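Just so we're aligned: 126 in the UniProt record's numbering is position 126 of the sequence shown, and the numbers increase by one with no gaps anywhere. Below is one structure, written out as structure tokens; comments come after it.
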Amino acid sequence: MAPLRFSANLSWLFPELPDLTARLRAAGSSGFEAAEVAWPYAERPEALARVAREAGLRLVLINTPPGDREKGEMGLAAVPGRQAAFREGLEQAVRYAKALGCPRIHLMAGRVPQGADRAAVRGEMETVFLENLRHAAGVLAQENLVGLLEPINTRVTDPQYFLDTPQQAAAILQKVGRPNLQLQMDIFHWQIMDGNLTGNIRKFLPIVGHVQVAQVPGRGEPSSPGELNFPYLFQLLEDDGYKGFVGCEYQPQGEGQVLDGGCFLLVG
Numbered sequence: 001m002a003p004l005r006f007s008a009n010l011s012w013l014f015p016e017l018p019d020l021t022a023r024l025r026a027a028g029s030s031g032f033e034a035a036e037v038a039w040p041y042a043e044r045p046e047a048l049a050r051v052a053r054e055a056g057l058r059l060v061l062i063n064t065p066p067g068d069r070e071k072g073e074m075g076l077a078a079v080p081g082r083q084a085a086f087r088e089g090l091e092q093a094v095r096y097a098k099a100l101g102c103p104r105i106h107l108m109a110g111r112v113p114q115g116a117d118r119a120a121v122r123g124e125m126e127t128v129f130l131e132n133l134r135h136a137a138g139v140l141a142q143e144n145l146v147g148l149l150e151p152i153n154t155r156v157t158d159p160q161y162f163l164d165t166p167q168q169a170a171a172i173l174q175k176v177g178r179p180n181l182q183l184q185m186d187i188f189h190w191q192i193m194d195g196n197l198t199g200n201i202r203k204f205l206p207i208v209g210h211v212q213v214a215q216v217p218g219r220g221e222p223s224s225p226g227e228l229n230f231p232y233l234f235q236l237l238e239d240d241g242y243k244g245f246v247g248c249e250y251q252p253q254g255e256g257q258v259l260d261g262g263c264f265l266l267v268g
């Protein structure tokens, strides 16, 4: 039974540092062996790859581009009328993943269009999502990459996000039926939407390609006060044979230090 391996999510950790290269160096100095970042596209991929190597880090996850954030977009894979933009963004993500040696790309589903009724557009959005995922699976397979689907909670974080439960994501993955598409388990979102973490982790872990963690409700580090018993959850992941990385995707609450196991937990 291998111990869990932890990845620094640099979109959240080291917020005092001005850019991604500085955060990569900080993650390496803090004892991480891996890092992930939502959107690395403001930096040249070759420069990021060099800094990561110098810091002794592996890049393990990036996201597809969000689209036009000024217009409220947060991913495009399920958004009707944005198929061409999704596929263009996918190509950009693949270029970065190849340059960074990053094996996984989160294929962001996106939001229900502003003013639309979720129930009324669900069928159309799922159809678009399935088409784009089949296309993405083919593109990723050519480069030996894995695509991930992440449910994001609609109760607190993003009320308009299309993909919001592990059950919905698993059903879509089954319909697509491509082995290089997997589930991204963010325990923060899963707890808020459904709870039943022991049952859901055991049920869906066979199709999980990446895990992320934060305490509920404040999205702080695992050691902060909250609903979740992370020693239990980490042991559950180990006991059930999870071998991927656990992304530390939380809002730092205090002075930082690296604890046993490599997870960047904060105290103070």
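Every residue gets a Cβ at the ideal spot worked out from N, C-alpha and C, and that includes glycine. Keep in mind that this is a model prediction, so the values were computed, not measured.
Assigned exposure category for residue i - 16 Cβ within 10 Å defines buried
i: S29; result: exposed
i: Y232; result: exposed
i: D164; result: buried
i: T154; result: buried
i: R50; result: exposed
i: N132; result: buried
i: D186; result: buried
i: E88; result: exposed
i: E16; result: exposed
Spatially closest choice to residue i from the options, by CA coordinates
i: A27; options: N9, A49, I207; result: N9
i: E143; options: R118, G31, C102; result: C102
i: N200; options: E227, P166, E46; result: P166
i: F245; options: Q174, V60, G138, L149; result: V60
i: Y161; options: E73, S223, G247; result: E73
Residue i - DSSP class collapsed to helix/strand/coil
i: L10; result: coil
i: R58; result: strand
i: Y250; result: coil
i: F162; result: coil
i: F245; result: strand
i: V94; result: helix
i: E143; result: coil
i: E36; result: strand
Residue i to residue j span [Cα, whole Å]
i: Q92; j: N63; result: 10 angstroms
i: L265; j: E221; result: Reliability of the predicted coordinates at L265 is poor, the pLDDT of 45 falling under 50, and no value is obtained from them.
i: Q251; j: M125; result: 31 angstroms
i: D158; j: V128; result: 20 angstroms
i: Q191; j: V213; result: 10 angstroms
i: L205; j: P3; result: 16 angstroms
i: S7; j: D117; result: 37 angstroms
i: A47; j: R95; result: 13 angstroms
i: P45; j: G81; result: 29 angstroms
C-beta neighbour in chain D for residue i, strict 8 angstroms
i: M125; result: This model lacks chain D altogether, as it is built from one protein chain only.
Using 8 angstroms as the Cβ pair cut-off and three pairs as the minimum, do the stretch 13-28 and the stretch 68-85 touch? no
Are the stretch 109-118 and the stretch 43-57 touching by the rule of at least three beta carbon pairs closer than 8 angstroms? no
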